[in-house]
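**Q** One structure follows; several queries about it will come next.
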Amino acid sequence: MHPRPSGIVTLLTDFGVKDPYVGIMKGALLQRSPKITIVDLCHAIPPQEVAVGAFGLAAAIGRFPDGTVHVGVVDPGVGTHRRMLAASVHGCYWIGPDNGLLGTVLGPTVANATPGSPGGPVAEVREIDCERLGTAPESRTFHGRDVFGPVAAWLAAGRYGFSALGPRVEDPVMPTDSGGVGDGRIVYVDGFGNLVTDVAGAAIEGARNVFVGGRVVPIHATYGEVAEGELLALVGSFGLLEIAQNCGNAARTLGVERGATIELRS
Amino acid sequence: MHPRPSGIVTLLTDFGVKDPYVGIMKGALLQRSPKITIVDLCHAIPPQEVAVGAFGLAAAIGRFPDGTVHVGVVDPGVGTHRRMLAASVHGCYWIGPDNGLLGTVLGPTVANATPGSPGGPVAEVREIDCERLGTAPESRTFHGRDVFGPVAAWLAAGRYGFSALGPRVEDPVMPTDSGGVGDGRIVYVDGFGNLVTDVAGAAIEGARNVFVGGRVVPIHATYGEVAEGELLALVGSFGLLEIAQNCGNAARTLGVERGATIELRS
Amino acid sequence: MHPRPSGIVTLLTDFGVKDPYVGIMKGALLQRSPKITIVDLCHAIPPQEVAVGAFGLAAAIGRFPDGTVHVGVVDPGVGTHRRMLAASVHGCYWIGPDNGLLGTVLGPTVANATPGSPGGPVAEVREIDCERLGTAPESRTFHGRDVFGPVAAWLAAGRYGFSALGPRVEDPVMPTDSGGVGDGRIVYVDGFGNLVTDVAGAAIEGARNVFVGGRVVPIHATYGEVAEGELLALVGSFGLLEIAQNCGNAARTLGVERGATIELRS
Chain A
808 MHPRPSGIVT LLTDFGVKDP YVGIMKGALL QRSPKITIVD LCHAIPPQEV
858 AVGAFGLAAA IGRFPDGTVH VGVVDPGVGT HRRMLAASVH GCYWIGPDNG
908 LLGTVLGPTV ANATPGSPGG PVAEVREIDC ERLGTAPESR TFHGRDVFGP
958 VAAWLAAGRY GFSALGPRVE DPVMPTDSGG VGDGRIVYVD GFGNLVTDVA
1008 GAAIEGARNV FVGGRVVPIH ATYGEVAEGE LLALVGSFGL LEIAQNCGNA
1058 ARTLGVERGA TIELRS
Chain B
808 MHPRPSGIVT LLTDFGVKDP YVGIMKGALL QRSPKITIVD LCHAIPPQEV
858 AVGAFGLAAA IGRFPDGTVH VGVVDPGVGT HRRMLAASVH GCYWIGPDNG
908 LLGTVLGPTV ANATPGSPGG PVAEVREIDC ERLGTAPESR TFHGRDVFGP
958 VAAWLAAGRY GFSALGPRVE DPVMPTDSGG VGDGRIVYVD GFGNLVTDVA
1008 GAAIEGARNV FVGGRVVPIH ATYGEVAEGE LLALVGSFGL LEIAQNCGNA
1058 ARTLGVERGA TIELRS
Chain C
808 MHPRPSGIVT LLTDFGVKDP YVGIMKGALL QRSPKITIVD LCHAIPPQEV
858 AVGAFGLAAA IGRFPDGTVH VGVVDPGVGT HRRMLAASVH GCYWIGPDNG
908 LLGTVLGPTV ANATPGSPGG PVAEVREIDC ERLGTAPESR TFHGRDVFGP
958 VAAWLAAGRY GFSALGPRVE DPVMPTDSGG VGDGRIVYVD GFGNLVTDVA
1008 GAAIEGARNV FVGGRVVPIH ATYGEVAEGE LLALVGSFGL LEIAQNCGNA
1058 ARTLGVERGA TIELRS
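Chains as they are written, first to last, in the numbering used here: chain A, 808 to 1073; chain B, 808 to 1073; chain C, 808 to 1073.
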């Protein structure tokens, strides 16, 4: 039912790499389970930008071995009484604060969790019971070290099964900023200035252009089909429509940011 | 007496991540001991800022499995005749140049090393004997690769015991910039602009405010107790008093830098 | 003949660390071979700067255990019909697009591959046969995840031997920007502003100064031999002549960039 732990834990945070915080969090994991493999998914989520973190976590769906434990820490409410969650879905485990960070991963799966609903993966979500697990936070500011990391390490090493982490949760916080398909919005701007939309590659059939930032940009299959400096739209590696510029920075050229709307055109 | 190696090595350097230097240093470790686990503690120490590196190394005390080998390389004197040290204290091993970088880790422990002195951990420090270990530096600029990394890998894998690394040292260089508790100074500014002081959480009893940068900042338990944009002081994850700004950058707001003094007020 | 895999894979890319791309590529490796050790060689190659990537890859020669698989992804032609290569040379494996990225690693070895030619290591290069290996690219933009990573993981874990990866290639693309020794040019500027030349340490015999950026800079053995703020040239950790500034940034001080020429002077 729940996948067998792979012994691999990934970390996504807004900690940045200037400070020893990520290293110290890894120490907290290794203190519990010295043999696990830890992979940095991303530590450059803009501080406290939960929706960007939610996108980054969802990018890991299907991209790691079954039974991998994915930890997300973008946690403006750390130290207050928000819940801490663990979820089992998409063949992996997902751990983070209950503030929408797991929302894109859970999105359609929570909808599908209605008994008897057809198709799609079904998520099981639990609230981490710190008292029962013996992981009462030492600090009020660093639950990645004090709770999320330790729980991930125990789960990855098989010390606790998923069902032992705490009681079931039926109402996890979902993102106000929906990551659903078909909205026609920019949901992520990567470091190269590529504008990733929430339009699934399968949904662009018939469209030949994208209207974005006041410009009409043609849809192509790959960068090489346009000249250097030209804008194009293509289905990128996330499986989503992206607006890019061959040998350039589309975000800068178009003056477009995360949240901007786009339109498909024939 | 000395802890059993955990097989884990952490690295703290001022190498940055623009260049392949950290990767090449890891290669040097893996050439000696291919099975060890290497963890990045921090590579963003400002170039040659030994005191900042000393703070970062000390942040690892108690945060990794016993027997972990912590390597620090912030080494303005590389290529000159400074000693290279290994220390055993706090249940772990610590390796680096003899320039004060290990000073905060050793600080109170060296004082305690007087025979018959009461309580506290006691450090044993040794000078790395390159000739005996067969690790004469290949270069005069990259002893992280040529000496510190190899020695750490051998120690972590149990090829050499700690006592075999070289003769005892009784007078390691201690930081001019003391990291001792109670000075009332900013000792670290993190990437979010939090101002970490050298005042231990246990030492603030009775105080209700902090005077810093010409402003009186109230002490609270967590960020959530003040409105967005407000300054506060709190005991942070290092166990030290920090000055922070909820959803802001305290360093920028206060115009305060590392080394500034603070005062506790009632 | 070909080295036994060490189980270690290094990654050099121009992906940066702002996005989850490196993490996702690691997931692709671990999905194929969960037990391998992955090391970041460098992810800060300037976007699409193949020659800089070629220098970084070559910096790994001799610096990792025999049988390590080095993957380079700096790939402006991704999605077009450029070949994808794997090479066996210098005791290791090297994987990347056929655009010159492997050129500095292969450089002299390809020349030496003429049957009967004297001395030096000899490279064997093969074209990755995606169809045969069952690793047809899922995307047209992320072959690090779809092809290079998986092939590296299989090779590292011994699932495929080197010869099974595809047919032999006798004409890999070599860099237009030659990394050959003796040209007297700046081939790499590191994050500290050190100017790394293509002049091997062994080739400076007799020279006492370097002419660079309109200045005459003295050759020394180590930083400590000049005062703070002074320029010097020395044989750096790559084994190449570098121009540096003690406690300063030589690139900024001299106004010199990658590609500039230098002259040895007596």
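All C-beta atoms in this analysis are idealised placements derived from N, C-alpha and C, irrespective of residue type, glycine included.
1. May I ask you to verify whether the stretch 824-844 of chain C touches the stretch 847-856 of chain A, counting CB pairs closer than 8 Å and requiring at least 3?
2. Keeping to the same chain, check which residues put their C-beta closer than 8 Å to that of B:Ala1057; ignore five residues upstream and five downstream.
3. Under 9 Å, do C:Gly898 and C:Gly874 count as touching if we go by C-beta distance?
4. For the candidate residues C:Arg870, C:Tyr900, C:Pro827, whose alpha-carbon lies nearest to that of A:Ala867?
5. At what residue ranges does the stretch 944-999 of chain C contain a whole run of the beta strand (DSSP E), taking only runs of 3 or more?
6. Verify whether the separation of the beta carbon atoms of C:Val976 and C:Asp905 is less than 9 Å.
7. According to DSSP, which residues form a beta bridge with B:Phe1018?
8. Taking all protein chains shown into account, do 16 or more other C-beta atoms lie within 10 angstroms of the C-beta of A:Met808, making it buried, or fewer, making it exposed?
9. Assuming A:Arg1015 and A:Thr1068 form a contact by the criterion Cβ under 8 Å, report the distance between their Cβ atoms to the nearest whole angstrom.
10. Ignore the nearest five residues each way along the sequence and tell me which others in A:Leu1018's own chain have a CB closer than 6 Å to its CB.
11. Any heavy atom of the ligand MG closer than 8 Å to the CB of B:Pro854?
12. Please list the partners that A:Ala835 has in chain B, where partner means a Cβ-to-Cβ separation under 9 Å.
13. Short of 6 Å in beta carbon distance, which residues of its chain neighbour C:Pro944, apart from the five on each side in sequence? Order them along the chain.
14. With contact counted as at least three CB pairs below 8 Å, one residue from each stretch, are the stretch 960-974 of chain A and the stretch 1021-1028 of chain A in contact?
15. Let me make sure I understand the geometry here. Which of C:Val878, C:Pro979, C:Ser946 has the alpha-carbon closest to that of C:Gly910?
16. Check B:Cys937 in the structure and name its three-state DSSP category.
17. Considering only their Cβ atoms, is the gap separating A:Asp821 from A:Pro853 smaller than 9 Å?
18. Does any CB atom of chain C fall closer than 9 Å to the CB of B:Asp997?
19. When you check each C-beta in the stretch 936-963 of chain B against every C-beta of chain C, which residues fall closer than 7 Å?
20. Compute the Euclidean distance between the alpha carbons of C:Gly981 and A:Val912, then round it to the nearest angstrom.
21. Since C:Gly823 meets chain A, which of its residues come closer than 7 Å, beta carbon to beta carbon?
22. Could you give the distance in angstroms between the alpha-carbon of B:Arg947 and the alpha-carbon of B:Gly998?
23. For A:Thr1004, is the classification buried or exposed, using 16 other Cβ atoms within 10 angstroms of its Cβ as the cut-off for buried?
24. DSSP three-state call for B:Glu1037: helix, strand or coil?
25. At 8 Å on the CB atoms, spell out the chain A contacts of C:Gln855, in chain order.
26. Which of the three DSSP states, helix, strand or coil, is assigned to B:Asn919?
27. Please classify A:Gly986: is it buried, with 16 or more other beta-carbons within 10 angstroms of its beta-carbon, or exposed?
28. Can you look up C:Glu798 in the DSSP assignment and give me helix, strand or coil?
29. Cα separation between C:Pro841 and B:Ile935?
30. Please state the DSSP three-state secondary structure of C:Val929.
31. Compare the C-beta of C:Tyr1030 against all C-beta atoms of chain B and say whether one is closer than 9 Å.
32. Report the option in C:Glu1032, C:Cys937, C:Ala1009 whose CA atom is closest to the CA atom of C:Arg889.
33. Using a Cβ-Cβ distance under 9 Å, would A:Tyr900 count as near chain B?
34. Taking the alpha-carbon positions, what's the C:Ser924 to C:Ala930 distance?
35. Buried or exposed: where does C:Ala1009 fall if 16 or more other Cβ atoms within 10 Å of its Cβ makes it buried?
36. Who are the Cβ neighbours of A:Leu1047 in its own chain at under 7 Å, not counting the five residues just before and after it?
**A** Result, derived from the coordinates:
1. The stretch 824-844 of chain C, when compared against the stretch 847-856 of chain A, does touch it at the 8 Å Cβ threshold.
2. Gly1000, Asn1001, Leu1002, Leu1038, Ile1050, Ala1051, Val1063
3. yes
4. C:Pro827
5. 993-996
6. yes
7. B:Val1023, B:Glu1070
8. exposed
9. Their Cβ separation, rounded to whole angstroms, is 19 Å, which puts A:Arg1015 and A:Thr1068 out of contact at 8 Å.
10. In the sequence as displayed, the identity of residue 1018 of chain A is Phe instead of Leu. So the qualifying residues of the chain are Glu1070, Arg1072.
11. Inclusion of the ligand MG in the displayed structure is not the case, the ligand content being empty and no account of it being possible.
12. Here the neighbours are Arg870, Phe871.
13. His950, Asp953, Val954
14. no
15. Residue C:Pro979 is the option with its Cα nearest to C:Gly910.
16. helix
17. yes
18. It does not: the Cβ of B:Asp997 has no partner Cβ on chain C nearer than 9 Å.
19. Ser946, Arg947, Thr948, Phe949, Arg952
20. Checking the sequence, you will find Met at residue 981 of chain C rather than Gly. Looking at the backbone, the Cα of C:Met981 and that of A:Val912 are separated by about 44 Å.
21. Gly998
22. 32 Å
23. buried
24. coil
25. Cys1054
26. Summary for B:Asn919: the model assigns pLDDT 46, below 50, so the residue's position carries little reliability; its value from the coordinates is reported in the next sentence. Secondary structure of B:Asn919 (DSSP, three-state): coil.
27. Reliability of the predicted coordinates at A:Gly986 is poor, the pLDDT of 46 falling under 50, and the value obtained from them is presented with this limitation in mind. With 16 or more other Cβ atoms within 10 Å, it is buried.
28. What is shown of chain C runs 808 to 1073, which leaves residue 798 of chain C out entirely.
29. 36 Å
30. coil
31. yes
32. C:Cys937
33. no
34. At C:Ser924 the pLDDT is 48, less than 50, meaning the model places this residue with poor confidence; the figure from the coordinates comes in the next sentence. Cα-Cα distance, rounded: 13 Å.
35. exposed
36. Val1003, Thr1004, Asp1005, Val1006, Ala1007, Gly1008
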